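Q:
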Amino acid sequence: MKPENMKPENPFLAVLALAAGLLFLSPVLYSIWMSFQTADAYYTGNIEFTLRNYELAIGQYNFARYLVNSVIVSGLVTLIGLAVATCAAFAFARYTFAGSNLLFGAVVATLMIPSHITLIPNYLTLAKAGLLDTYAGLVLPAVSNGFAAFFLRQYIRGIPRALDEAAYMDGASPLKVLWRVIIPLSKPAILSMGLYIFISEWNNYIWPLVAIGREDLYTLQIGLARLYRVNPGEDIIDWPLVMAASTITILPVLVGFILVERHLIRGMMMGAVK
0 MKPENMKPEN PFLAVLALAA GLLFLSPVLY SIWMSFQTAD AYYTGNIEFT
50 LRNYELAIGQ YNFARYLVNS VIVSGLVTLI GLAVATCAAF AFARYTFAGS
100 NLLFGAVVAT LMIPSHITLI PNYLTLAKAG LLDTYAGLVL PAVSNGFAAF
150 FLRQYIRGIP RALDEAAYMD GASPLKVLWR VIIPLSKPAI LSMGLYIFIS
200 EWNNYIWPLV AIGREDLYTL QIGLARLYRV NPGEDIIDWP LVMAASTITI
250 LPVLVGFILV ERHLIRGMMM GAVK
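Quick note: the sequence shown uses numbering that gives the first Met the number 0, first residue 0, plus one each step.
Listed below in structure tokens is the structure:
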């Protein structure tokens with residue numbers, strides 16, 4: 000039973016929201032539709048369904064391998080980045096030490112530095128360490144995330160300190176408090192930030208392009224860019240093939256978003272309030 004003071008849902012707003020959603024999704028839906036067309040049908044305006052584009056993308060153009068590389072790199076960056084950011088956020092939120100405010104200010108200041116400025120220093124550092132053309136070379140420059148540390152720190156500050164004190168009275172160590180108290184209560188924020196990090200790394204193009212020269216280590220974004228140079232023989236781009244590869248690229252992110260969407264919205268809203 001609805002409370003008397005609640006207004007019934009406005010059907011106009013529902014229709015407007017649906018129309019807006021379809022408008023934003025229309026490029027994605029069109030690209031998926033195009034991915035099932037042959038190149039000849041696309042350029043002649045006909046309709047001819049085929050799965051050949053996906054077979055070519057996965058088989059001939061190695062997108063299965065690129066998909067595995069992207070999953071490995073994005074997954075490692077997400078896991079390591081969340082671990083580093085959570086520990087840093089816990090330290091900044093719960094402990095006061097000499098220079099803590101200055102150090103936290105430096106972490107926040109990194110958000111104002113364009114990522115392209117760090118390309119050359121990162122490249123030279125990894126070249127001297129012999130980590131170019133390796134998974135480590137793709138992962139290590141991305142594991143420190145100032146925004147994740149800032150966001151989680153603000154969230155953890157909203158958790159009552161009494162819970163920490165109760166755990167300390169029971170003999171828990173700081174690490175155990177972090178694992179048993181802070182992380183379970185911060186799950187919505189951690190999951191939402193994990194999805195943010197994963198998507199950011201999944202869509203990363205510049206750094207893999209600079210750091211990787213071996214084709215067997217290409218990520219999806221590099222492989223997708225290479226398809227634009229594919230010439231079917233008549234100086235035209237096989238757009239249905241490109242759209243099939245694009246669909247393969249967006250599906251893992253879409254599935255991940257669906258799995259954590261509820262926690263993502265909750266974490267962002269609670270983090271903003273706190």
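By construction, the Cβ of each residue, glycine as well, lies at the ideal position given by its N, Cα and C atoms.
This structure is a prediction, so every number in the text was calculated from the model and none was measured.
Can you list the alpha helix (DSSP H) stretches of 4 or more residues lying completely in the region 120–190, in chain order?
A: Segments of the alpha helix (DSSP H) lying fully in the region 120–190: 134–138, 145–156, 160–168, 173–176.
Q: Could you have a look at residue 89 and say whether DSSP puts it in helix, strand or coil?
A: Of the three classes helix, strand and coil, the one that applies to residue 89 here is helix, per DSSP.
Q: Could you tell me which of 35, 184, 77 sits nearest to residue 245, measuring between CA atoms?
A: Among 35, 184, 77, the Cα nearest to that of residue 245 belongs to 35.
Q: Is it true that the region 59–66 meets the region 131–138, where meeting means three or more beta-carbon pairs spaced less than 8 Å apart?
A: Verdict: no, contact absent.
Q: Enumerate, from N- to C-terminal direction, the unbroken alpha helix (DSSP H) stretches of 4 or more residues contained entirely within the region 192–243.
A: With a minimum length of 4 residues, the continuous alpha helix (DSSP H) runs that stay inside the region 192–243 are 205–210, 219–226.
Q: With a 10 Å radius around its C-beta and 16 neighbouring C-beta atoms as the bar for buried, classify residue 185 as buried or exposed.
A: Residue 185 is buried by the Cβ-count criterion.
Q: Between the Cα of residue 74 and those of 201, 100, 40, spot the shortest distance and give me the residue it belongs to.
A: When each option's Cα is compared against that of residue 74, the closest is 201.
Q: Please tell me whether residue 247 and residue 53 are closer than 9 Å, where the distance is taken between their beta carbons.
A: Result yes, Cβ atoms of residue 247 and residue 53 sit closer than 9 Å.
Q: For residue 220, count the other beta carbons within 10 Å of its own beta carbon; 16 or more makes it buried, fewer makes it exposed. Which is it?
A: Result: buried.
Q: Which word fits residue 152, buried or exposed, when buried means at least 16 other C-beta atoms lie within 10 angstroms of its C-beta?
A: By the neighbour-count rule (16 or more Cβ atoms within 10 Å), residue 152 is buried.
Q: With residue 110 as the anchor, note down where its alpha helix (DSSP H) starts and where it stops.
A: Here residue 110 belongs to no alpha helix (DSSP H), and DSSP marks it neither H nor E.
Q: Hey, could you find the ends of the alpha helix (DSSP H) residue 53 is sitting in?
A: Segment 51–54, the alpha helix (DSSP H) holding residue 53.
Q: What are the boundary residues of the alpha helix (DSSP H) that residue 41 is part of?
A: That run of the alpha helix (DSSP H) goes 38–43.
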